[in-house]
Each structure stands twice: as C-alpha cells, then as structure tokens.
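**Student:** Residue numbers (my numbering), protein chains in the order written: chain A, 133 to 430; chain B, 7 to 266; chain C, 1082 to 1510. Heads up, the beta-carbon is just placed ideally off N, CA and C, and yes, glycines get one too.
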C-alpha cells in the first residue's frame, strides 16, 4: 500500500507539472519555470514559519505568490532596468533561493523541512501524513488530495482554454491582433506553475520539479507532431517515470525523486536516439528516391 | 474626409525604447484597394502594421479602423504576421493553424463547430492547400507556409487585411496564387495592406502605395505616387539630420505624453 | 564583537587561508563570468553548476573518502559532459536550448542525488562533509585543499588575461572575429572549459547549487558601472572578492551556516544596488535624469511664453503678471510656479513687484528656443512633406533636444531662412 501511495503521488506531480510544462517548452520559457521553482523556497519557509506548519492553504497562497512575484521581478529587471534577459533570470532566482536556504538554516528547529527536502523532497514520507475521519476511517495520505485537486484544476484549465494557450504559444503577435491578451495568459500560466511547484515541493523538492515540468513535455515534443498528442504522451510518460523511478529507487534504496529524474533521462535518451536514427533513415530514403528518378523529372 | 475610408492613421509615433521607429505618420486608405507599403530595411514597415493591430503600443497619435477604435472592429480586421515570426516546429497540423483564424469569432470557452471546420477546409481550398490539411507544419516549404498563413487570414472572414511581407521567400507559383487571391478579394470590396520589398512588381500589384522611411514620404495612387523622385526620397540617404535627431532622442528621457 | 575583531585581524592562519581562498575563487569565477554574461550564456553556467554533482559523488564512491583532486576531476568531467550533451541535443533535434539545458541540468542533478543518497544510506564513515558540497562551507578551505583551489583560480586568471583580446572580440562580434581568422570555435571551447573550471573552484566554498550565481551576478552588476570591458572585468573581480570575504566571515561567525547562500546574497545586494543606483544605467539615475529633463522643458516652455507675449509688439522687455503667463501654460500651477522660481535663480527672469520680466540673458534664451522650434517646423514641412498645421506638436518636443551643431546644420540645409511655415519670423540671436 505504501508503494502505491508513493507512486500515485509521483504520478500526480509528474502529470500536473508535465501538462503545464508543455506550454513552457513551446513558449521557450523552460528557464523561467526553473527560476520559479527555485524562487518559491523563501516563500515556503516564511509561510511555514508564520502559519506554524498547520495550514496548507496559507502556505500554498503565500509561496505561490512569491513565484509569481519572481516573474514580475525578472520582467522588471529585464524591461525597466535593462538587465540582460538571461542574467536577469540568473540573478533573481539564485538570490531568492539563497535567501530561502539561509532562512531554513536560521530557523532549522522551527520548520518542518530541511535541506535534503529542498534538494530532492521526501516523497517516501507522503504516506505517513494520512487523513483520518472523525469516525476513524483512513482516507489515505493528505497530499494526495491536494495534488489530485490541483491536477483536476490544471486539466480543466487546459481543456477550457486550449485555444488561448495554444495560440499565444504559437503566434503571440496574431493572438494579440485578434484580441487575446498574451500578458494575461503568460501570468495565468506562471501562476499555475508556481502553485504546482509549491504543492509538489514536499514530494520532489525545489530543484527536481523542473525535471517534471520540462522532461516529459520535451520527450513528447520529440516524438509527436500534434499538440493534443503531445499533451497525452506527456501524461503517459509522466506515469512511466513515476512508476519505474520508484521501482529503481526501491531496488537501490536511494532517493525516489532522483531516480525519477534519471528515468526521465533514460527515456529521453532512447527517444532522442530513435528519432535521430529515424530522420536519418528518412533522409536516406529521400536521397535514394531522388537518385532513382530519371533525370529531368525533378 | 473620405466617406469610404477604411483606415485613418493620425500623427502616429512609435518608439522602441524611446528612439522613434515611426514618426508623425498621417494617412488614410480608401475601401477596396490593394495598398502596398514600401521602404528600406528598418523603415518601420512591419512596425506600422503591428501598431495598427495593437501588437505594439503607440507612443503618440491615433489609429481608426472603419471610423472606430480597433477593439470595436477586431472581427472585421485580419493580420498576417511575417512567416519567420513563428516557430514552425510547433506541434500543429495545417488544419490546426488555419483553425486559429476562427478563434477570434469563437467566444472565450466555445470550441470549433462543424461550420468552422467547413470554413477552414474552404479556405484551404482557396489557397490550393486542401490536400495538405493533415500535414504537420514543419514539413511545409516556405511557399506552403505562407499559403497556410493566408488561409488562416481568410478564415477570419474579415473586411480589412494587413499582410506583412507575404511574398518574402516564396516560389513564383505561390506568389501568383496569392496575388490572384488578393485581387479577387479587392473585387469583393475588401481592403488589403501589404508590406512589400520588391520595387519591380509594385506597379503591377498595387492600386495604392505608402512610401515609408521612419516618416511618411508619400502615399496615394500608385500611378501618381510611385515616381522616381519619391523612390529617391524614400531610399536615398538624404535625411542624415533626421537620423541624428533620432539618435539624440534615443538618449534623452523624453516622453511625448509628459507635457500634457 | 571580539569575534569580529579576531576575524579581521587575520591573526589566525586558518582564517587567512579561508579568506584568501574564498576571495580568490570568487574573484576568478567573477572574471570568467563577465565573458559568459556578455556572450548571453548565463544559463549555461547554471546548468554546469548543477551538473557537477554526480561527478563529485562518483569520485567519492571511487576513492571511498573525500579526495579533493579526484573530486575536481570528477566534477570537471561531468560538467563538461553536460555542456557537450546540451550542445549536441540543440544542434541535432528540434528541442530548443532552454529545454535542453533544463533537462540535462535536472537529469545530471538527479543522478547526483541518487549517488548522494546511496552514499548516505550505505553509511560510509567519512561521508560527513559531502553535504558541504551542496551549499558550501568556506571553513572547509584549509590545508592542501586551499592550495589546490587557489592554483585553479590562478590558472583561470592567467588564461583570461592571456586570451583577453580574443575573448573580448568573440563576445562582442563573433562573425567579425571569424573573418579575422581567429579560431572562434576553439576559443568557445576554451571558454566552456574555463566555465567548468570556475564552477569546480567553487564547489567547497559556495556549493554546486548556487555556484551559477557567483559566475553571473558579479558580472551582471559590473556591467552597470562601465562600458569598458577591462573596467568591467576589474569591477566584477572586486565584487566577487567582496562576496567571498562576506562568505568567509559568515562561516567564521556561524560555523553551522552554509556559506554559499551568504556569498550569493552578498553579491546579489551589490547587483541590485547596481541595477538601481549605478551612474548612467541605474534605474534611479535614469529616473532622476528624466526629472531634470522635464524641469528644463518646463523652464524653456515658460521662456517661450514670454517670447510669444512680446512678439506682437516686438517688445520683449514687458513685465507680465503670473495670471497673464499662466493663461498660456500647459502644465499644472505648482509645476509652473516652481519653474518660474528656478528661472529666477538662473537669472533668466526677474521679478518686479508681483510681475515678471525677462532679463537680457532670458531674452536671448527665449529667442533661441523659439528659433529652434521654428527651424524644425520648417524642416518638417520642407523635407518631410508634413502639412503646416501638423508640425507644431513635433517641434514642441524636438526644440528641447536640438544641439548647436544640429542648429547650424538645419540652417545650412534650409538656406538660412527668415520665416517659418506659419509665416512667423525666425529670430536671430
């Protein structure tokens, strides 16, 4: 049962993050996702300190706001203060992350998270935090409900606003010409990325969440040519990563989140080699066809 | 004032980080014409289209379309960005991209209906791409990509079209298809503005011409406007003083709205 | 307090080691960082710093203890490999650079985490200390280790100085560098190698997670203080060294604290200060500039009002009441009055009782502005085919920025005109 809960948690994190990540990858904003995931750390620590570990909603709202603020700071530094784009990202998130680590070590006794948790989360402890009704029935781990709710919200968001999300990613100029605000959808997406990062934080940590945001979508992007299929493949890959990642981790007795990242790497490598081999063969085919054609018909 | 004026641009000034890219532009366009925009590189041709469409903010001046602000008439206006402005590796089929032209008409939450799909297929037919509707967009040639963009604009069923370099990097057959299509549209009393860079074909393609080099050099019917003298003025580098002033402005914290 | 004095007296040789080591490595990575930032590769630095973790852990597993030279080699190899794979993915598939960086960064880091947890769980006796590679511990810079890291730092210094010209040229204008026959791709390789080396120097004191900041942040800050690349490099090195000192100090005062985050916070404060307050580029400076500009514009507009009021009678020595002047104003009352006072201080106008009058200098100045305004209007109608009724607004803006050289040029191009498009006389001074 324990392994079931852990795998389910992994699946929920991987699928939620991956679905949002599809649009990050297509907008070429992976590094902003990277920045957000590092930068929510001080928000989480502060929210933990203030709320005394008890109210997940306070932590969620407080820390996600900080994620959104990060994107504002990056935009501000880039557009108003004229800091070079990549440097603006690099400076902002390393600063916030450093503040988070410092807060963490200053208040080590008072906060329920430690440095290991920041690095790779504690998905193995998820099943301990169970939800038990007044009558004593065990409803399963608490984080499952939070993650499940988030996943439903994300799926609905993508189904309802598929048009806006795909168009602002493909052709922002055309989108704003027909009256779809690119800025609004940018911040909505970043807001959801922030929330997902915060919710997933305890399970996979602040750094490896990027793997779930960017890994499955990039693999799907490699192997398909339709956005809808890219979303579906992302879900499947997310499930595979969670399942095999956990099996490997259990076998080797090492970090679960770390193993999930390594599994992503392996799947990526396989798909990468397969597609490059395929496209090479195709090129060869075309070449052969061209040679086979009689001269003068080209 | 012209009764049939489709587009009225009044003292339009646009600046990227303070340096004016367009400066005090004034013109009007009558209905049912194919209007070309020509000018050297960096003259602000694309910027003009983008600022008309509200894609980039206007520093000063105003734009009226069908005597209204853009937001009132968005559904009657269609914009075709430069082909290079998007990533053609994007996971979408030809059909998907053309369907995007219907998004403006669909509401916030509505999904495309059967009628929309028919419009899309019809538009693909018009640009000669009906057989490619399932094709992934990365597998198209430059000319085919441009046809897809034109089909997307057609799917908007607008009255006024703005096209940014539709003839750039396309094959001769595509160029011919597109110009035929544009002519047919103008016969249906639709108005088209086309950013163009091949001076040879200006007289053949356009009824009207806008000659631009940061400032408006000339505009009017091609016959009378597209003269040697005006071409010289547009492309000749005589206005060094003007560019000196622009450079000074780039380093000045001026803002035109500040003094009001 | 005693501890602070102890630290800054540098009497303890250990403190000297730690301080010197931290400053040296922070400065050397800050120098390399300048070129990384100028080449817009800041995020590659991020990828490298995360990617060295598996190398460090593998070296630890291989040696069975904390063998610094072996770990440096391990870190170097895995950092290098990460960059090579990122480049390979981006040039051989449709995956974009940002996604490739993110994937490789996390997969490598994930592998590092797997190895790290393996080491922890298998209970190596000497595993303590490996954690300091994550967030850094400057106090660990002692004995032979500091010598090893210092040597790497010095190698970095020397290499950057030796290839200074080449790096400058390639980061400024790569195509041009190619035409000069510089081995651009080999220089690129060298810079990549230096990036990995710089990250490697920081693994003990700063830790792998935040090492990227020690490359990027001082350089991004230094960029705001100068346009001269030599100065940028020196400033960046100083910022880096200062952050290094801060890290060493913290680690002395609070040994349990990880030093990396403190170094990063120190250099981030320098960076944010630079973004806002640096002369010429800082936001506050620009804002101040804009205020000054608006003030001058207000003053010049008032002088113009004096001129316009005097023009019908061709008498510019009249005195006017504030209300007369205000009738023609375009700005709020307060702004108007403070501009009047500023003009008085500059001796351009003087007050006679309740009224105001131009001084001799004021007359000249007001004529100059009206003259620029009318010259520009004429230029617009003549060379830009603008209709006469539309040129005024544009001239209102340009009159404040025209320099004496441009004024002369305008006169020449317009053939020393007497009248503007509205048939008003263009004043001569």
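So, for residue 237 (chain B): in the same chain, excluding its five sequence neighbours on each side, which residues have a beta-carbon less than 8 Å away from its beta-carbon?
**Tutor:** Counting only Cβ-Cβ distances below 8 Å, and skipping sequence neighbours, we find 205 and 217.
**Student:** Can you give the Cα-Cα distance for residue 220 (chain A) and residue 1301 (chain C), rounded to whole angstroms?
**Tutor:** Approximately 8 Å, taken between the alpha carbons.
**Student:** Residue 302 (chain A) touches chain C at which residues, Cβ-Cβ below 7 Å?
**Tutor:** In chain order: nothing, as chain C lies at least about 14 Å away.
**Student:** Report yes or no: do the region 144-161 of chain A and the region 1164-1171 of chain C share at least 3 C-beta pairs separated by less than 8 Å?
**Tutor:** Flag = no, the region 144-161 of chain A and the region 1164-1171 of chain C do not touch.
**Student:** Taking C-beta to C-beta, are residue 1151 (chain C) and residue 1140 (chain C) nearer than 8 Å?
**Tutor:** The answer is yes: Cβ separation under 8 Å.
**Student:** Shorter than 8 Å from the beta carbon of residue 1343 (chain C) to some beta carbon of chain E?
**Tutor:** Structure shown: chain E not included; protein chains present are A, B and C.
**Student:** Between which two residues does the alpha helix (DSSP H) carrying residue 449 (chain A) extend?
**Tutor:** Any question about residue 449 (chain A) goes unanswered here, given that chain A covers just 133 to 430.
**Student:** Which residues, in order along the region 12-33 of chain B, keep a beta-carbon less than 7 Å from a beta-carbon of chain C?
**Tutor:** Those would be 17, 30 and 32, in chain order.
**Student:** According to the Cβ coordinates, are residue 1278 (chain C) and residue 1237 (chain C) closer than 8 Å?
**Tutor:** Cβ distance < 8 Å, so residue 1278 (chain C) and residue 1237 (chain C) count as in contact.
**Student:** Any beta carbon of chain C sitting closer than 8 Å to that of residue 204 (chain B)?
**Tutor:** So no, residue 204 (chain B) is outside the interface.
**Student:** For the region 274-298 of chain A, list the alpha helix (DSSP H) runs that are entirely contained and at least 4 residues long, ordered along the chain.
**Tutor:** Within the region 274-298 of chain A, the complete alpha helix (DSSP H) runs of at least 4 residues are 274-292.
**Student:** Kindly provide the ranges of any beta strand (DSSP E) runs that are 3 or more residues long and lie completely inside the region 185-224 of chain A, ordered along the chain.
**Tutor:** For the region 185-224 of chain A, not a single whole beta strand (DSSP E) run of length 3 or above is found.
**Student:** Where does residue 1316 (chain C) land, buried or exposed, given buried means 16+ other C-beta within 10 angstroms?
**Tutor:** With 16 or more Cβ atoms within 10 Å of its Cβ, residue 1316 (chain C) is classed as buried.
**Student:** Can you tell me where the beta strand (DSSP E) holding residue 225 (chain B) begins and where it ends?
**Tutor:** Residue 225 (chain B) -> beta strand (DSSP E) spans 221-227.
**Student:** How do the region 186-198 of chain B and the region 167-174 of chain B stand: do at least 3 beta-carbon pairs fall below 8 Å, yes or no?
**Tutor:** The region 186-198 of chain B is in contact with the region 167-174 of chain B.
**Student:** Please list, in chain order, all residues of the same chain as residue 1470 (chain C) whose beta carbon is under 8 Å from its beta carbon, the five residues on each side excluded.
**Tutor:** Hits under 8 Å: none found.
**Student:** Between residue 115 (chain B) and chain C, is there a C-beta pair that is closer than 8 Å?
**Tutor:** For residue 115 (chain B), the answer is no, since every Cβ of chain C falls outside 8 Å of its Cβ.
**Student:** Roughly how many whole angstroms lie between the Cα atoms of residue 303 (chain A) and residue 322 (chain A)?
**Tutor:** Taking the straight line from one Cα to the other gives about 18 Å.
**Student:** Under the three-state reduction of DSSP, which class applies to residue 427 (chain A): helix, strand or coil?
**Tutor:** Bear in mind that a pLDDT of 45 at residue 427 (chain A), under 50, signals an unreliable position, so the model cannot answer this.
**Student:** Strictly below 9 Å CB to CB, what residues from chain A border residue 112 (chain B)?
**Tutor:** Within 9 Å Cβ-Cβ: 295.
**Student:** Using a Cβ distance threshold of 8 Å, determine whether the region 1154-1165 of chain C contacts the region 1092-1103 of chain C, with at least three qualifying pairs required.
**Tutor:** Contact between the region 1154-1165 of chain C and the region 1092-1103 of chain C is absent, because fewer than three Cβ pairs lie under 8 Å.
**Student:** Considering Cα atoms alone, identify which of C:1281, C:1093 and C:1244 is closest to residue 1268 (chain C).
**Tutor:** Among C:1281, C:1093 and C:1244, the Cα nearest to that of residue 1268 (chain C) belongs to C:1244.
**Student:** Could you check if residue 1329 (chain C) is buried or exposed, using at least 16 other CB atoms within 10 Å of its CB as the buried criterion?
**Tutor:** Buried, because 16 or more other Cβ atoms sit within 10 Å of the Cβ of residue 1329 (chain C).
**Student:** Residue 1132 (chain C) and residue 1185 (chain C) look like a contact to me (Cβ under 8 Å); what is the Cβ gap, rounded to whole Å?
**Tutor:** The Cβ separation is near 7 Å, so the contact holds.
**Student:** Counting C-beta neighbours from all protein chains within 10 Å, is the total for residue 233 (chain B) 16 or more, i.e. buried, or is it exposed?
**Tutor:** Result: exposed.
**Student:** If you follow the alpha helix (DSSP H) that residue 1325 (chain C) is part of, which residue opens it and which one closes it?
**Tutor:** Residues 1310-1334.
**Student:** Going along chain A in order, which residues have a C-beta closer than 8 Å to the C-beta of residue 1362 (chain C)?
**Tutor:** Simply 214.
**Student:** For a contact defined as C-beta to C-beta under 8 Å, what are the partners of residue 1454 (chain C) on chain A?
**Tutor:** Those do not exist, as residue 1454 (chain C) stays about 32 Å from chain A at its closest Cβ, beyond 8 Å.
**Student:** Given that residue 258 (chain B) touches chain C, what residues does it touch there, using C-beta distances under 7 Å?
**Tutor:** Near residue 258 (chain B) (Cβ distances below 7 Å), the residues of chain C are 1374 and 1482.
**Student:** For residue 69 (chain B) and residue 1445 (chain C), what's the separation of their Cα atoms in angstroms?
**Tutor:** Approximately 40 Å between the Cα atoms of the pair.
**Student:** If residue 140 (chain A) and residue 276 (chain A) are in contact, beta carbons under 8 Å, what's the gap, nearest whole angstrom?
**Tutor:** Confirmed, Cβ separation roughly 6 Å.
**Student:** Does the region 1187-1201 of chain C come close enough to the region 384-395 of chain A to have 3 or more Cβ pairs within less than 8 Å?
**Tutor:** Yes, they touch.
**Student:** Got a sec: is the Cβ-Cβ distance from residue 4 (chain B) to anything in chain A below 8 Å?
**Tutor:** In the structure as shown, chain B starts at 7 and stops at 266, and residue 4 (chain B) therefore has no counterpart that could be examined.
**Student:** Taking the alpha-carbon positions, what's the residue 1294 (chain C) to residue 1369 (chain C) distance?
**Tutor:** Each residue's alpha carbon lies about 30 Å from the other.
**Student:** Which residues, in chain order, does the region 1402-1430 of chain C contribute to contact with chain B at a C-beta distance below 8 Å?
**Tutor:** Against chain B - using a Cβ distance shorter than 8 Å - the residues of the region 1402-1430 of chain C are 1411 and 1412.
**Student:** Since residue 1432 (chain C) is in the beta strand (DSSP E), which residue starts that stretch and which ends it?
**Tutor:** 1430-1433 is the extent of the beta strand (DSSP E) around residue 1432 (chain C).
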